[in-house]
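Novice: I have a structure I would like to understand better, so I am pasting it below and will then ask my questions one at a time.
Residue numbers (my numbering): -12 to 387.
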């Protein structure tokens, strides 16, 4: 059914349809585009009607009535470029990155080993993250293709949907989600069936939240570290400490004179993995040997003002700790280092609280030079489907 074009823009809403569409592009030798926009030579591949002259619309459920695959298992060259994914735009304009099949396969197999997936008891994965984002693509589409696991394809966004999905699946069960969604699930106080593990990514999780997850659901809580340009490369059990362990087959190394125990500059830390080009991280990393390392923080996270430095992540944590704040973020103006009078702005969701009350609460928590000059009270922050905040949207709200 697929048009004779080099690339397909995957716009499927159903997770099974998305997986089926990706498999079809593999068999046709086409590139799957996972982004908000597609190149001009791509056609739209969707499971629902909509606009677009170059649109291929299919019914995934109807295709299940066919005879299925009867030939030998297809062989996809490891070096073939099979997908293009886009960054979230949380640090600027989205950037496209190519993915080769061997890298996707090897990383999926490594994740299966890391999270203890066994052929004798395949895991049931319930993911709350959309498949077109790299995190959701890896954990809910690629993992079941290359490790002993099956992915839930029904609704899994609201707490009740997630509880029902988990209850309807056999164990062992894995919940794949984000920090924001996990906090919502904890607040909903729903009973989940026995979980083998909970996996989170897209933003750091504090130890208190990780401990609450483990206490509530009796499952080990793990975080995945990675980035769109490199994919998932490491994980940690948050309650065990700050160290991360690289996936099997993945190496992190410092260039130049960097040695184990040094906090090396972000542009000198390189990730190497099978079938993937070396990628430099935008993070300060302390190498600990044996594939273990500590994240010091992103270089873009450091805010310099009035001769002082602060971590933007740390400022956001202190804002979130203010009683009554449901969500909030500090916004740094682009000209902070060029305009002497420039100051930070805070976007805050705090029903029942005023900007003055928020500012007063922050006075005892942060250095006065980093107190926000403006506090914009909002009903909600413009988070995307995986909980990230696009930089352009934040800048527009801060300037409005």
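Note that beta-carbon positions come from the ideal geometry of N, C-alpha and C, so glycine has one too. Please read these numbers as outputs of a predicted model, since none were measured by experiment.
Would you call the stretch 276 to 290 in contact with the stretch 341 to 353, where contact means no fewer than 3 C-beta pairs closer than 8 Å?
Specialist: Touching, no.
Novice: Where does the unbroken beta strand (DSSP E) through residue 345 begin, and where does it stop?
Specialist: Counting along the chain, residue 345 falls outside any beta strand (DSSP E), though it belongs to the alpha helix (DSSP H) covering 342 to 350.
Novice: Can you give the Cα-Cα distance for residue 376 and residue 157, rounded to whole angstroms?
Specialist: Cα to Cα, residue 376 sits roughly 35 Å from residue 157.
Novice: Going by Cα to Cα distance, which pick from 227, 231 and 226 is closest to residue 219?
Specialist: Cα-wise, what sits closest to residue 219 is 231.
Novice: Between which residues of its own chain and residue 293 is the CB-CB distance below 6 Å, once the five residues before and five after are set aside?
Specialist: Correct list, in chain order: 356.
Novice: In whole angstroms, what separates the C-alpha of residue 170 from that of residue 179?
Specialist: Answer to the nearest angstrom: the Cα atoms are 14 Å apart.
Novice: Can you tell me the Cα-Cα spacing of residue -3 and residue 37, whole angstroms?
Specialist: C-alpha separation (whole angstroms): 13 Å.
Novice: Use the C-beta contact count for residue 57: other C-beta atoms within 10 angstroms, 16 or more gives buried, fewer gives exposed.
Specialist: With fewer than 16 other Cβ atoms within 10 Å, it is exposed.
Novice: Since I believe residue 18 is in contact with residue 69 (beta carbons under 8 Å), could you give me their beta-carbon distance rounded to a whole number of angstroms?
Specialist: With 8 Å as the limit, residue 69 and residue 18 qualify as a contact, their Cβ atoms being about 6 Å apart.
Novice: Hey, could you find the ends of the beta strand (DSSP E) residue 164 is sitting in?
Specialist: Run containing residue 164: 160 to 164, per the beta strand (DSSP E) assignment.
Novice: First and last residue of the beta strand (DSSP E) that includes residue 200?
Specialist: No beta strand (DSSP E) holds residue 200; the alpha helix (DSSP H) holding it covers 194 to 204.
Novice: I need the boundaries of the beta strand (DSSP E) containing residue 332, first residue and last residue.
Specialist: First-last of the beta strand (DSSP E) with residue 332: 332 to 336.
Novice: Below 6 Å CB to CB, which residues in the same chain sit around residue 91 once its five sequence neighbours on both sides are set aside?
Specialist: Around residue 91: 129.
Novice: Between the alpha carbons of residue 382 and residue 363, how many angstroms are there, rounded?
Specialist: Their Cα atoms are separated by approximately 12 Å.
Novice: For a quick check, are the C-beta atoms of residue 42 and residue 48 less than 8 Å apart?
Specialist: Cβ distance not < 8 Å, so residue 42 and residue 48 don't count as in contact.
Novice: Bridge partners for residue 68 per DSSP, in chain order?
Specialist: In the DSSP output, where bridge partners are listed per residue, residue 68 has 87.
Novice: Quick one: using the 10 Å Cβ neighbour count with 16 as the cut-off for buried, is residue 144 buried or exposed?
Specialist: Label assigned to residue 144: exposed.
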